[in-house]
Amino acid sequence: MHPSFLLIVLFSFLGLSAPSYGQEAVRESLEIGDAGKAYLRSIRLRGIDSDVAYFAPSAPPPDLDIKQEPVKPKPERDGFQTAIDWPTGLIAGAVLIVIAYIFLRFGGGIAVSLRRDAQNPDRKHGRSPLATPAWAERLGSYQEIVGMKDRRRALVLLTQKVLASVVAANGVLMQRSWTGREALQHIPATWTQRDILRSLVLASERVQFGGRDVSEHEFREHVFACRQILGPEAS
Numbered sequence: 001m002h003p004s005f006l007l008i009v010l011f012s013f014l015g016l017s018a019p020s021y022g023q024e025a026v027r028e029s030l031e032i033g034d035a036g037k038a039y040l041r042s043i044r045l046r047g048i049d050s051d052v053a054y055f056a057p058s059a060p061p062p063d064l065d066i067k068q069e070p071v072k073p074k075p076e077r078d079g080f081q082t083a084i085d086w087p088t089g090l091i092a093g094a095v096l097i098v099i100a101y102i103f104l105r106f107g108g109g110i111a112v113s114l115r116r117d118a119q120n121p122d123r124k125h126g127r128s129p130l131a132t133p134a135w136a137e138r139l140g141s142y143q144e145i146v147g148m149k150d151r152r153r154a155l156v157l158l159t160q161k162v163l164a165s166v167v168a169a170n171g172v173l174m175q176r177s178w179t180g181r182e183a184l185q186h187i188p189a190t191w192t193q194r195d196i197l198r199s200l201v202l203a204s205e206r207v208q209f210g211g212r213d214v215s216e217h218e219f220r221e222h223v224f225a226c227r228q229i230l231g232p233e234a235s
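Residue numbering for the sequence shown follows the UniProt record's numbering, starting at 1 and increasing by one per position.
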């Protein structure tokens, strides 16, 4: 038998056996009883809705299925719920990162500040961080410092007075933690007598921190340098 003939027979069989999805369902006709005929006569045969099943009012009620439940809505997909929660999670994560950064960046400073306030309850909280260093406060007059018998102490105080005057004259705002050398570094390099002041600051540090003695001759030289820097203020 020829192969093409077998293929034709096979496809024909498959086509006949396949279900026909395009055909309409055959509707069974309803039998009209006496009550239905009487109803048709009462409405003068104007026609009724053929899609509705009518029951005879004189007949017993049909059996009703009362165990049916309403169709439950389909649950939302997890992917959709996850997509909704993503923006909230990102915002919450960003807030936590910012809080952690602030704590790590400034947490130590806050703790130290609170500890200092606890140890010193009389401290003025309104004090500016750009306060004058302790060594630049309550300095005596030029004549009082020069007249001191302790030349080492006099040289240190004289240097502090000159340095504080020069810094203020150059418009530099000193911080509380500055040393004399740090204050010297903030004086403009264009200031003409900066080298003289630097030599005076170094000599004062050697006396104050190195325990070096000061002879009368050296003290007079430093006094002369201070007069050059202060000008009329040293009189």
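Ideal placement from N, C-alpha and C gives every residue a C-beta, glycine not left out.
Query: Given 8 Å, three or more beta-carbon pairs between the region 180-189 and the region 140-148; Result: no
Query: At least three beta-carbon pairs within less than 8 Å, the region 205-221 to the region 151-166; Result: yes
Query: With 16 other Cβ atoms within 10 Å as the buried cut-off, status of Thr179; Result: exposed
Query: Same chain, Cβ closer than 8 Å to Leu130, five either side skipped, listed in chain order; Result: Its pLDDT being 49, under 50, Leu130 is placed unreliably by the model, and the measurement read from it follows with that caveat. Counting only Cβ-Cβ distances below 8 Å, and skipping sequence neighbours, we find Leu173, Met174, Gln175, Arg176.
Query: Proximity winner among Ile229, Ala59, Ala35, relative to Ile196 (alpha-carbon distances); Result: Ile229
Query: Endpoints, the alpha helix (DSSP H) within which Gln193 is located; Result: Here Gln193 belongs to no alpha helix (DSSP H), and DSSP marks it neither H nor E.
Query: Cα-Cα separation between Val98 and Ile91, rounded to whole angstroms; Result: 11 Å
Query: Glu218 in three-state terms, based on DSSP; Result: helix
Query: For Gly160, three-class secondary structure by DSSP; Result: The residue you asked about is not Gly; residue 160 is Gln in the sequence shown. In this structure, Gln160 counts as helix in the three-state DSSP scheme.
Query: C-alpha gap between His222 and Val162, whole angstroms; Result: 11 Å
Query: Range of the contiguous alpha helix (DSSP H) that encloses Ser42; Result: 34-42
Query: From Arg151, Trp191, Thr88, Thr159, residue whose alpha carbon lies closest to that of Ala169; Result: Trp191
Query: CB contact flag (Val167, Ala183, <7 Å); Result: yes
Query: 7 Å Cβ cutoff met for Ser58 and Ala35; Result: yes
Query: Reference Arg198, options Arg151, Tyr142, Cys226, closest by Cα; Result: Cys226
Query: Distance, Gly89 Cα to Phe209 Cα; Result: 59 Å
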